[in-house]
Amino acid sequence: MSLFGQGLLEALRLLVTGDPEVWQITWLSLQVSATATLLSLLVGIPMGALLALSRFPGRAFVVSLVNTGMGLPPVVVGLFVTILLWRNGVLGFLELLYTPTAMVTGQLVIAAPIVTGLTLAAVQQVPEAFRLQMLGLGASRPQVIWVLLKEARLPMLAAVMAGFGGVISEVGASMMLGGNIKGATRVLTTATVLETGKGNFDVAIALSVILLLITFLVNWALSGIQQRRRA
Amino acid sequence: MMARFLAVLWVALAGAMSLSTGPAFAQSNVVILSTTTSTQDSGLLDVLVPLFEKQTGLTVKTISVGTGKALALAARGEADVTLAHAASLEKKYVAEGKMTNRRLVMYNDFVIIGPPDDPAKIKGLPKALDALKRIAESQSRFVSRGDKSGTNVLELALWKQAGIEPKGVWYIESGQGMGQTLGIANDRRAYTLTDRATYLAFRKRVDLPILVEKDRPLLNIYSVMEVNPANGPRVNVAGGKAFAEFMLAPETQAVIKAFGMDKYGQALFVPIAGKKDEDL
Numbered sequence: 690m691s692l693f694g695q696g697l698l699e700a701l702r703l704l705v706t707g708d709p710e711v712w713q714i715t716w717l718s719l720q721v722s723a724t725a726t727l728l729s730l731l732v733g734i735p736m737g738a739l740l741a742l743s744r745f746p747g748r749a750f751v752v753s754l755v756n757t758g759m760g761l762p763p764v765v766v767g768l769f770v771t772i773l774l775w776r777n778g779v780l781g782f783l784e785l786l787y788t789p790t791a792m793v794t795g796q797l798v799i800a801a802p803i804v805t806g807l808t809l810a811a812v813q814q815v816p817e818a819f820r821l822q823m824l825g826l827g828a829s830r831p832q833v834i835w836v837l838l839k840e841a842r843l844p845m846l847a848a849v850m851a852g853f854g855g856v857i858s859e860v861g862a863s864m865m866l867g868g869n870i871k872g873a874t875r876v877l878t879t880a881t882v883l884e885t886g887k888g889n890f891d892v893a894i895a896l897s898v899i900l901l902l903i904t905f906l907v908n909w910a911l912s913g914i915q916q917r918r919r920a
Numbered sequence: 201m202m203a204r205f206l207a208v209l210w211v212a213l214a215g216a217m218s219l220s221t222g223p224a225f226a227q228s229n230v231v232i233l234s235t236t237t238s239t240q241d242s243g244l245l246d247v248l249v250p251l252f253e254k255q256t257g258l259t260v261k262t263i264s265v266g267t268g269k270a271l272a273l274a275a276r277g278e279a280d281v282t283l284a285h286a287a288s289l290e291k292k293y294v295a296e297g298k299m300t301n302r303r304l305v306m307y308n309d310f311v312i313i314g315p316p317d318d319p320a321k322i323k324g325l326p327k328a329l330d331a332l333k334r335i336a337e338s339q340s341r342f343v344s345r346g347d348k349s350g351t352n353v354l355e356l357a358l359w360k361q362a363g364i365e366p367k368g369v370w371y372i373e374s375g376q377g378m379g380q381t382l383g384i385a386n387d388r389r390a391y392t393l394t395d396r397a398t399y400l401a402f403r404k405r406v407d408l409p410i411l412v413e414k415d416r417p418l419l420n421i422y423s424v425m426e427v428n429p430a431n432g433p434r435v436n437v438a439g440g441k442a443f444a445e446f447m448l449a450p451e452t453q454a455v456i457k458a459f460g461m462d463k464y465g466q467a468l469f470v471p472i473a474g475k476k477d478e479d480l
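Chains A and B, in that order, give the protein sequences.
With my numbering applied, the first sequence corresponds to residues 690 to 920, in that order.
With my numbering applied, the second sequence corresponds to residues 201 to 480, in that order.
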């Protein structure tokens with residue numbers, strides 16, 4: 690049988706038999722990446738909205754920075770955050786390295802610019818005239834931002850999906866910050882690298898299939914919310 | 201919809217809080233072990249670490265990287281104990297005072313593998329150095345780890361002893377772990393140096409026979425070292441010492457001796473606690 694066939698069978702077997710280690714790894718992947726995505730929304734949505742609505746000198750430069758940040762390489766983030774979290778590092782006293790919290794931190798740094806950039810684009814695409822009209826009718830600035838965010842919610846769900854997709858699939862930062870420790874910080878991507886290194890290609894394929902599956906399910910749910918209003 | 205969205209956000213944040221408090225254990229109970237990839241990839245640590253945790257109640261965080269990086273991390277005080285396999289490099293760190301109490305744990309061996317048609321004609325040569333000379337002379341492809349791992353350190357030392365500076369299109373540096381490197385060697389029909397344990401794990405997928413083996417310089421000796429607490433703050437000295445002692449304990453050595461028999465029909469490591477480099 691082909692390697693892919695073996696991998697698919699193995700994926701099925703692991704899912705059906707409810708292999709506890711695979712479930713634990715899958716659950717941790719979801720937990721870490723969902724937490725990072727949600728935190729990135731808390732940071733990214735206000736930043737993106739503010740950036741979309743304000744005018745100041747050097748704004749174009751800041752927008753370019755954000756857009757560059759959308760393509761931040763996870764290994765680079767992993768390296769810098771690792772150095773900060775080392776026992777010898779600035780934040781060493783927190784003793785966070787090789788914990789899920791460290792992985793969330795790294796993934797937050799990866800996702801925040803993605804959410805900021807896409808929120809910025811989403812809010813900006815609401816016609817300028819609409820905003821002026823609201824201001825003309827006496828709306829306060831926070832009211833304007835709230836209404837604009839509501840208006841831009843569909844493209845912003847795309848920001849959520851992009852942010853989540855970016856972090857659930859990254860391996861560089863999770864490997865460095867988590868250390869791929871069995872039972873503690875091993876997630877689907879780092880486990881895939883490990884199993885490939887061990888030569889267990891069928892297990893590696895199985896883990897990849899599970900990763901694709903949960904990414905699909907999450908995006909399916911979000912797309913459902915996004916498209917419902919359109920129907 | 202926005203309200204519902206915010207509700208989801210709060211629930212998830214509550215989850216996040218439980219995540220950050222949950223697995224955060226008191227770090228004095230944590231021993232950070234920096235080690236080579238082969239101990240992890242062979243599955244040995246998956247057997248030994250739970251044993252140690254059960255005996256001592258400590259938690260081990262295994263950081264599995266190449267020997268070069270494992271020692272570098274320890275020298276910065278980022279680990280508490282190191283299990284490595286590059287005697288020359290280890291002795292340098294011990295001499296500099298970064299690592300202490302280096303003791304031999306076990307060995308297995310390296311083998312030179314290559315394409316079955318053996319273009320460099322090295323099959324059966326008793327000396328690894330002669331084999332490398334022939335590979336270089338015939339410009340046959342050779343895949344090097346190129347990652348400062350224990351395997352790579354030994355390989356470079358062998359080239360040096362053979363008086364050869366490996367360079368040219370025939371010399372490929374993979375920059376990856378042993379498993380991936382075996383895959384590349386197989387794909388490019390090249391020679392390479394590998395530890396026997398990883399080779400056995402990949403034997404099904406690698407169609408390169410063993411051509412040279414059982415030469416003294418091909419011995420792959422693993423030793424355990426404790427980290428000098430002066431390397432940095434927060435080094436868990438007692439935890440590191442406990443792990444080193446555990447690796448040398450007779451019961452652990454018996455487990456090492458039996459490891460691999462069920463899966464490969466042969467042991468992957470030979471325990472040697474108490475021996476010195478000169479004894480081997």
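In this text, a Cβ means the ideal position worked out from N, Cα and C, and glycines have one as well.
Please read all numbers here as calculations on a predicted model, not as lab measurements.
- When Cβ-Cβ separations below 8 Å define contact, isoleucine 870 (chain A) makes contact with chain B.
- Rounded to whole angstroms, the separation of the alpha carbons of glutamate 884 (chain A) and alanine 862 (chain A) is 18 Å.
- The alpha carbon of glycine 781 (chain A) has as its nearest neighbour, out of B:Met299, B:Ala295 and B:Arg276, the alpha carbon of B:Arg276.
- For proline 409 (chain B), not one C-beta of chain A is nearer than 8 Å to its own C-beta.
- By the Cβ criterion, the region 265-283 of chain B is in contact with the region 438-449 of chain B, since at least three pairs of Cβ atoms, one from each stretch, lie closer than 8 Å.
- If you compare the alpha carbons of A:Tyr787, A:Met792 and A:Ala810 with that of serine 753 (chain A), the shortest gap goes to A:Ala810.
- Take alanine 362 (chain B), set aside five residues on each side of it, and the residues of its chain with a beta-carbon closer than 6 Å to its own are Leu329, Leu332 and Lys333, in chain order.
- In the DSSP assignment, valine 343 (chain B) is bridged to B:Ile372 and B:Thr392.
- Against chain B, the CB of arginine 830 (chain A) has no partner CB under 8 Å away; the residue lies outside that interface.
- Going by beta carbons, isoleucine 903 (chain A) and threonine 715 (chain A) fall inside the 8 Å limit.
- Listed by position along chain B, the residues whose Cβ is nearer than 8 Å to that of threonine 885 (chain A) are Gly379 and Gln380.
- In summary, no residue of the region 808-824 of chain A has a CB separated from any CB of chain B by less than 9 Å.
- Each residue's CA atom was taken as its position, placing alanine 848 (chain A) and glutamine 796 (chain A) some 15 Å apart.
- Look at serine 858 (chain A) here: in three-state DSSP terms it is coil, with no helix or strand label.
- If you draw a 10 Å sphere on the C-beta of proline 789 (chain A), you find 16 or more other C-beta atoms in it, and that means buried.
- If the five residues before and after isoleucine 857 (chain A) are omitted, its C-beta is found closer than 6 Å to the C-beta atoms of Ser722 and Thr904, all from its own chain and listed in chain order.
- When rounded, the separation of the alpha-carbon atoms in threonine 262 (chain B) and alanine 818 (chain A) is 59 Å.
- Using a CB distance cut-off of 8 Å, glycine 913 (chain A) does not count as an interface residue toward chain B.
- Leaving aside the five residues that flank valine 230 (chain B) on each side, the residues in its chain whose CB is nearer than 8 Å to its CB run, in chain order, Leu258, Thr259, Val260, Lys261, Asn436 and Gly439.
- Of all residues in the region 386-413 of chain B, the ones placed with a Cβ closer than 7 Å to any Cβ belonging to chain A are Ala401, Phe402 and Arg405, in chain order.
- When DSSP states are grouped into helix, strand and coil, alanine 467 (chain B) belongs to the coil group.
- Inter-residue distance for leucine 742 (chain A) and phenylalanine 252 (chain B) is about 58 Å (C-alpha atoms, whole angstroms).
- DSSP places valine 305 (chain B) in the strand class (E or B) of the three-state scheme.
- Residue environment: methionine 425 (chain B) is assigned as buried (16 or more neighbouring CB atoms within 10 Å of its CB, all protein chains considered).
- Interface annotation, proline 433 (chain B): in contact with chain A, CB-CB separation under 8 Å.
- Chain order gives no chain B residues near asparagine 908 (chain A), where near means a beta carbon separation below 7 Å; the closest approach is about 16 Å.
- Note on geometry: alpha-carbon atoms of aspartate 415 (chain B) and proline 326 (chain B) lie some 6 Å from one another.
- Burial check for glutamine 240 (chain B): the Cβ neighbour count within 10 Å reaches 16 or more, so the residue is buried.
- Taking 8 Å as the upper bound for CB-CB distance, proline 316 (chain B) and proline 409 (chain B) are in contact here, some 6 Å apart.
- Positions of the alpha helix (DSSP H) runs, each at least 4 residues long and wholly inside the region 243-314 of chain B, are given as 244-256, 267-275 and 287-295 in order along the chain.
- Of all residues in the region 708-739 of chain A, those with a C-beta nearer than 8 Å to a C-beta of chain B are Gln720, Val721, Ala723, Thr724, Leu727, Leu728, Leu730 and Leu731, reading in chain order.
- Neighbours of arginine 875 (chain A) in chain B, taken as residues at a C-beta separation under 8 Å, are lacking, since the least C-beta distance is about 11 Å.
- Rounded to the nearest whole angstrom, the CA to CA distance from glycine 760 (chain A) to glycine 737 (chain A) is 16 Å.
- Look at asparagine 756 (chain A): its C-beta is not under 8 Å from any C-beta on chain B.
- In this structure, B:Ile313 is the residue among B:Ile313, B:Ser238, B:Glu290 and B:Glu478 with its C-alpha nearest to the C-alpha of phenylalanine 342 (chain B).
- Of the other Cβ atoms in all chains shown, 16 or more fall within 10 Å of the Cβ of threonine 808 (chain A); this residue is therefore buried.
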